[in-house]
Amino acid sequence: MPELPKAYDASLVEEKIYAEWEASGVFNPDKLPERNQAGEPYCIMMPPPNRTGTLHMGHAMGMAIQDLLIRFERMRGKKALWVPGTDHAAIATQVKVEQLLIKEGMKDPRKELGREKFLARVVQFADESRDTIVNQTRKMGSSCDWSREAYTFDETRNRAVYRLFKMMHEDGLIERGYRIVNWDPQFKTTLSDDEVQTKEVTTKLVTFTYDKEFPIAISTTRPETKFGDTAVAVHPDDARYKAFIGKTFTPTFCGKPLSIKVVADAAVDPKFGTGALGVTPAHSMIDADIATRHGLPTVQVIGPDARMLPDVGPEFAGLTVEETRAKLIERLERDGLVTSIEDVQQNLPIAERGGAPVEQLPMEQWFVRVNKPFTLRQDTLRDPKAPLWKKLIGLDRGWKKGDQVTLKQLMRFAVESGQTRIVPESFTKIYFNWIDNLRDWCISRQIWFGHRVPVWYRSTSPQPSPSKGEGVEMVVSDVSPGEGWEQDPDTLDTWFSSGSWTFSALGWPPYAEASGGKPDEDAWAKHRAYHPTSVLETGKDILFFWIARMVLMSTYALGEVPFKDAYLHGLVRDEQGRKMSKSLGNILDPLELIPKYGTDAVRLSLLIGNTPGQDTRLSEQKIEGYRNFTNKLWNISRFILTMTETSRHPEERSDEGSHLAARSEILRSAQNDNGGTLADRWILSRLSEVVASVTKKLETYQFSAAGEELRDFTWNDLADWYLEIAKVEKGKSEILKTVLQTVLKLWHPFMPFVTEYVWGIAGFDGKLIVAEWPTSPPTPLLRNERGEFDRLRTLVVDMRRLRAEQGVEAAKQVEFSIAGDQSLLKLVEENRAWIERLSNSTCATGSAIPEGWVVTPSGTATVGLNLAGAVDLEKEKAKLGKELEQLKKYVASTEGKLSNQEFTTKAPVHVINDMKAKLEEAKIKIETLEKRQKSL
RNA sequence: GGACGUUUAGCUCAGUUGGUUAGAGCGCACCGUUCACAUCGGUGAGGUCGCAGGUUCGAAUCCUGCAACGUCCACCA
């Protein structure tokens, strides 16, 4: 064995170890040992990071959690597959590249380069990002199968997108429609509802009439849209306006003649403003609904560039909405039409990327209809493995082939039936709320980077009218149908492709269309067993964007849920709880922290100390703490390995012969026979307890609790007690090795590098990553060793405390004379060697010491110490008094409880037994403390 | 406006179906480096579990109300 350095240096070993793992093939389930091949499939799809640059702490956390899960399940013998990948992220990537090009000096990159050249730049950038991301993923120690790396914009995924589009179009779920959409004037594209965010601003709420003759005043924060008004809506019961309902007026609004019908609609709040609402069907989704109900016409007055259209008259045409608004308010005031102007707080819709105010415009776009019933192509959401209770109440079945359902129903039932479980459960409610309010999903985008809408048009008349579908022939195809056909210029929302990720990344669809693409029949068939995937781990902020859409796509296309569990982690915030952002300069970069503290430390800091769905604060100090723990584990290993190497350890060498022969005998007897020492039996029983508990916790996504328990065991029980005892009691090589092996295995999913490194140095059998998870406890609990050991441990802590007291600490040597019950004295005698060592004292038992259980040895000058004389009497008395008071209070209350018949009959037996035992101990303690008090 | 979450030690957070005298890490105070580790060891201080009621033999945990902070959704035009 080489000389092992005192401190573990992660930066020297991590890269090498990762390369070894890759070379060994264990990341690929097809190359796993037989045990795994025969095991249950276990699959995680990595949420594909956007190809927009680099990974951040959120990604790091996701990878740490997923790697923990996949390593845990792989070690337990499952056929574990973790598929890595990246997302082309359509708009995000295009915007990013545009910004870069503008920085480089271009004014309008798309115009200057043209579609083809511009796209080439985006692709180049995306490819570079991919390399960076892959490199970072490796640095995190992720044990994903790189041979299966997928991309949302590669050939297989393109096929999936096309197939889904085609299927949904055939089923009438994808339709072209002229509707109001969210429009981003900055990037000139539509946005889905989820890509729109809000910003609180103060604006002017203007109350006015269209002209002097118009009898009803209306309020608005956006006067410029009023050019498009076609009605005024009032509440049906509003007495003020009842007389006008049904009448049509023709006011002239700042130079533009309008036709305004007064309609009654219950959606109008009579208490807001004047109780009358100017209806603008073209520029408000709410108003459009009202317009539909009353058959009102739609008049568009704002164009895609957020400027006024010519219809509004020469005074305003071509002005931006902001300019128009200011000018209009001025004009209305001048004309004396304004009743009031007040400042109000308003949530302005803005674009997620770029932050420009979003306009609502009527446009011809492609939509996924979520509320439209369609005919199922296959049995859907039927769960053959459902437990009996679910079968009894019908939660095991969804629908049969041929049934009529809506996408919304599928999305709801997937979670409602428990076929997909959301962790933490509280997010289920949010999911349902979102589903229930879901509107049709606008999937076409006017950006260049992304999957082109696979639809082709050809004119069949000299004056085609595409918006009405007249004079135009349309066909869905992924390749050109021939001469004279033109493809739809739009691309698809990026979530349309990532929605199919769980199965497209596994090779779906099963075969290529005759029209193109390589036949790849085997890929999906080969991976079929991995779907539904086991767990989807991602940030909680992405629940709606992504999780819901994956449920939609998977239930629709395959008739099954995309994953059994969805685990949501919270945001990683800085130590003050702020969001990490470039402008605040508070970003912690995993790539900077890893070389400094090691990947294992970074991973631990993300895994321990937080709960699912809850935001977590991260600081360098925290990571440093886990770096320290990594080093502790290293030194524990180093100590054990050195100790068990007989040729190296001087103390062990002295009794080498007998020791070697007795090795396995000792271990066996400690495990089966109540042989070995008390400490041996204690550590083995603790270990078995920890194995069971950590396994259970990892199975239920309690990573933090599992890690904490392991850390406590490793640091407190193993290092601080058992290893110290092992310095005194000899012949523990086999037990130490067993304990070390088990501890390394348990830690491996959390901190793969240091555990692998130690495993390699120790020369333990096989590769760690495929080592079996320690499922069977190393020893049964046959005797009360836990309780006995704990009594001695408490004793030693007491001795240390007294040892550290003022006056005593000055002595060169301290001797304790211990009195107590016979069983304790016997235990002390049996374990005297390590008790004396760990308390740094000598101790005697059985001698008659009247004052209590701690005295000085007679006051002789050599080593003795008169404890009573050295201690601050008043302070000591006060302390004792306080302790006694507390104990007596406890005893009184406990006795009270135990004498309460209601309590003893209703409380569980183990609680009562525990209380009784604790009570006896407290009584003994009171006795000894009282003796001591008398002696003072 | 609706929904959800959070409130426990100086700080960051655990606390799984109600059950012993509520825990951990960090920080702090004091002591300690010859034999794995100062990225260390030992000892200790520190909490009426946000507030007010209720249910119960028993509440940090369940119920009701309130407060503060946070997140999401919908928006009042």
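Residue numbers (the working numbering): 2 to 937.
Glycine included, every Cβ here is placed at the ideal spot set by N, Cα and C.
Because the structure is a prediction, the values reported are computed rather than measured.
Cβ neighbour criterion (16 or more within 10 Å) applied to residue i
i    : result
K80  : buried
L393 : exposed
N51  : buried
A240 : exposed
Y702 : buried
D479 : buried
W184 : buried
S418 : buried
W390 : exposed
I436 : buried
I103 : exposed
A11  : buried
L13  : exposed
S584 : exposed
S481 : exposed
G1   : Coverage of the chain is limited to positions 2 through 937, which leaves residue 1 absent and any answer about it impossible.
S285 : buried
V313 : buried
Q95  : buried
F273 : exposed
Where residue i falls: helix, strand or coil (DSSP)
i    : result
N183 : strand
N587 : coil
Q410 : helix
A663 : For A663, the predicted model reports a pLDDT of 43, less than 50, meaning its position is unreliable and no value from the coordinates is stated.
P750 : coil
G279 : strand
M141 : coil
I609 : coil
K402 : coil
L192 : strand
Y19  : helix
D674 : For D674, the predicted structure reports a pLDDT of 48, less than 50, and the residue's modelled location is therefore unreliable. A value from the coordinates is still provided. Coil.
Beta-ladder partner(s) of residue i, from DSSP
i    : result
G178 : Q366
E816 : T843
D344 : K205
V339 : F209
V473 : S460
Y758 : Answer by DSSP bridge pairing: none, since Y758 is not bridged.
S445 : L493
P315 : P315 pairs with nothing; no bridge assigned.
P358 : I351
R802 : None; R802 has no bridge partner.
C255 : Paired residues: none, contrary to the question.
P42  : K80
Any non-hydrogen atom of the ligand FAD closer than 7 Å to residue i Cβ
i    : result
I609 : This structure simply doesn't include the ligand FAD, nor any ligand for that matter.
Length of the line joining the Cα atoms of residue i and residue j
i    : j    : result
G356 : T199 : 9 Å
L796 : V910 : 28 Å
P613 : L569 : 6 Å
D799 : R838 : 14 Å
I609 : S144 : 20 Å
E852 : A845 : Since pLDDT at E852 reaches only 41, below the 50 mark, its modelled position is unreliable, and the value read off the structure follows with that caveat. One C-alpha to the other measures close to 15 Å.
Q405 : W502 : 26 Å
P216 : H236 : 16 Å
V916 : L885 : Position check: residue 916 holds Met in this sequence, whereas Val was assumed. Roughly 18 Å between the two C-alpha positions.
T293 : L411 : 28 Å
V755 : V345 : 59 Å
T381 : H532 : 14 Å
L741 : F640 : 10 Å
L737 : A65  : 29 Å
F450 : F119 : 9 Å
Task: Whole runs of the beta strand (DSSP E) within the region 533-604, excluding any shorter than 3 residues - done: 534-540 and 564-570
Task: Runs of alpha helix (DSSP H) lying entirely within the region 46-133, each at least 4 residues, in chain order - done: 58-76 and 91-104
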